[in-house]
Amino acid sequence: MTVREVAAEAYRETLPVLAVSAVGGLFAGLVLGGMEAELERVAGLLVIVPALLATRGNVYGSLGARLGSALHQGLVEPAFTAGNDRLNAAIAAALANGVLVSGYAAVLAIPVLWLLGRPAAGVWTLLGIALLAGFVSGLLLTVAVVSVVFVGYRRGLNPDTLAGPVVTTTGDVVGIATLLAATRVVLALGGG
Numbered sequence: 007m008t009v010r011e012v013a014a015e016a017y018r019e020t021l022p023v024l025a026v027s028a029v030g031g032l033f034a035g036l037v038l039g040g041m042e043a044e045l046e047r048v049a050g051l052l053v054i055v056p057a058l059l060a061t062r063g064n065v066y067g068s069l070g071a072r073l074g075s076a077l078h079q080g081l082v083e084p085a086f087t088a089g090n091d092r093l094n095a096a097i098a099a100a101l102a103n104g105v106l107v108s109g110y111a112a113v114l115a116i117p118v119l120w121l122l123g124r125p126a127a128g129v130w131t132l133l134g135i136a137l138l139a140g141f142v143s144g145l146l147l148t149v150a151v152v153s154v155v156f157v158g159y160r161r162g163l164n165p166d167t168l169a170g171p172v173v174t175t176t177g178d179v180v181g182i183a184t185l186l187a188a189t190r191v192v193l194a195l196g197g198g
C-alpha cells in the first residue's frame, strides 16, 4: 500500500466517527449547560469536571489501545467471553484506575479551592459525586470501548483508529451525564 492509500483508508474509517464525536461533544456541552442548579448547590463541582472528563479519556483510551494491541498480537480474541483473563484484567485495571483517579481529583480539589479562597463543598459530597460518577461512567465506557474495538476489528477496521474518537465522545457524553446523575443522587441523600 502506498502512503496515499493508507491515509485514504484512515480517513475513511475515522471521518464518520469524528463527525459523531462533534455531535456528542455538543450534546455534552448542552448537558453541562443544564447543570446550573447543581453547579450552584455544590461549590467546587465545576472544578472537578475537567479532571473527571480528562481521566475518562486517558484511562479508557488506554484500555482501547491495550485491547487493540492485544488483538493485533493475537493475545485476545475479539469475543465477549467471561474466561478471558487478559480482557478481564484490562477491564478491572481500567475500572479501578478510573474510580481511584476520580476520587483523587475530588479530594485534591478541596485544598486547591481553599488555597484560592474559593468555597468548596464538603469532602464527602465531592468524593461521593466523583466516585459514583466514576464507577457508573466506567462501566458504561468499558462496554462501549470493548464493543467498538471488538466489532470494528471483526469487520476489518483498525481498532486503533476507532478507539480514540469513540472514547473521547463517549467519555464526554457519559461523563457529564453520570456526573449530573451522581450529583442529584448525592444531593438527594443529603449532601451539599
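In the numbering used here, the protein residues as written are 7 to 198.
Each residue gets a CB set at the ideal place from its N, CA and C atoms; glycine is no exception.
(message) Judging by CA-CA distance, which residue of G197, A112, I182, V172 is the nearest neighbour of A25?
(response) Comparing C-alpha distances from A25 to each of G197, A112, I182, V172 shows the shortest one belongs to V172.
(request) For S153, count neighbouring C-beta atoms within 10 Å of its own C-beta (all shown protein chains included) and say buried if the count is 16 or more, exposed if not. (result) S153 should be labelled exposed.
(message) Can you tell me where the alpha helix (DSSP H) holding G156 begins and where it ends?
(response) Checking the sequence, you will find Phe at residue 156 rather than Gly. Taken as a continuous stretch (DSSP letters only), the alpha helix (DSSP H) holding F156 covers 129 to 160.
(request) With a threshold of 16 other CB atoms inside 10 Å of the CB of L138, please say whether the residue is buried or exposed. (result) Flag for L138 reads buried.
(message) Quick check on DSSP: helix, strand or coil for V48?
(response) Here V48 sits in coil by DSSP.
(request) Assign F86 to one of two classes, buried (16 or more other C-beta atoms within 10 Å of its C-beta) or exposed (fewer than that). (result) Exposed.
(message) Quick check: what's the CA-CA separation for T175 versus G35?
(response) Rounded to the nearest angstrom, the two C-alpha atoms are 11 Å apart.
(message) My output table needs one value for N94: the three-state DSSP class, helix, strand or coil.
(response) Secondary structure at N94: helix, using DSSP grouped into helix, strand and coil.
(message) DSSP three-state label for A126, please.
(response) Under the three-state reduction of DSSP, A126 is assigned to coil, being neither helix nor strand.
(request) Grab me the residues of V37's own chain with a C-beta within less than 7 Å of its C-beta, minus the 5 sequence neighbours each way, in chain order. (result) Taken in chain order, the residues that qualify are I182, A183, L186.
(request) Can you have a look at S75 and say buried or exposed, based on whether 16 or more other CB atoms are within 10 angstroms of its CB? (result) Per the 10 Å Cβ criterion, exposed.
(request) Whole angstroms is fine: what's the gap from L195's alpha carbon to R161's? (result) So the two alpha carbons sit approximately 46 Å from each other.
(message) Which residue marks the beginning of the alpha helix (DSSP H) containing V82, and which one marks its end?
(response) Where V82 is concerned, there is no enclosing alpha helix (DSSP H), given that its DSSP letter is neither H nor E.
(message) Assuming L195 is part of the alpha helix (DSSP H), what are its boundary residues?
(response) First-last for L195: undefined, no H or E at that position.
(message) Tell me the rounded alpha-carbon separation between L119 and P165.
(response) Taking the straight line joining both Cα atoms gives about 40 Å.
(request) To the nearest angstrom, report how far apart N94 and G123 are at their CA atoms. (result) Going from the Cα of N94 to the Cα of G123 covers about 44 Å.
(message) Looking only at its chain, what residues have a beta carbon closer than 6 Å to the beta carbon of M7, apart from the 5 residues adjacent to it on each side?
(response) Counting only Cβ-Cβ distances below 6 Å, and skipping sequence neighbours, we find nothing.
(request) Give the single residue among E19, A13, R10, V12 whose Cα lies nearest to the Cα of L168. (result) Here the closest residue by C-alpha is E19.
(message) Quick check: G70 and V179, are their CB atoms within less than 8 Å of each other?
(response) A distance of 8 Å or more separates the beta carbons of G70 and V179.
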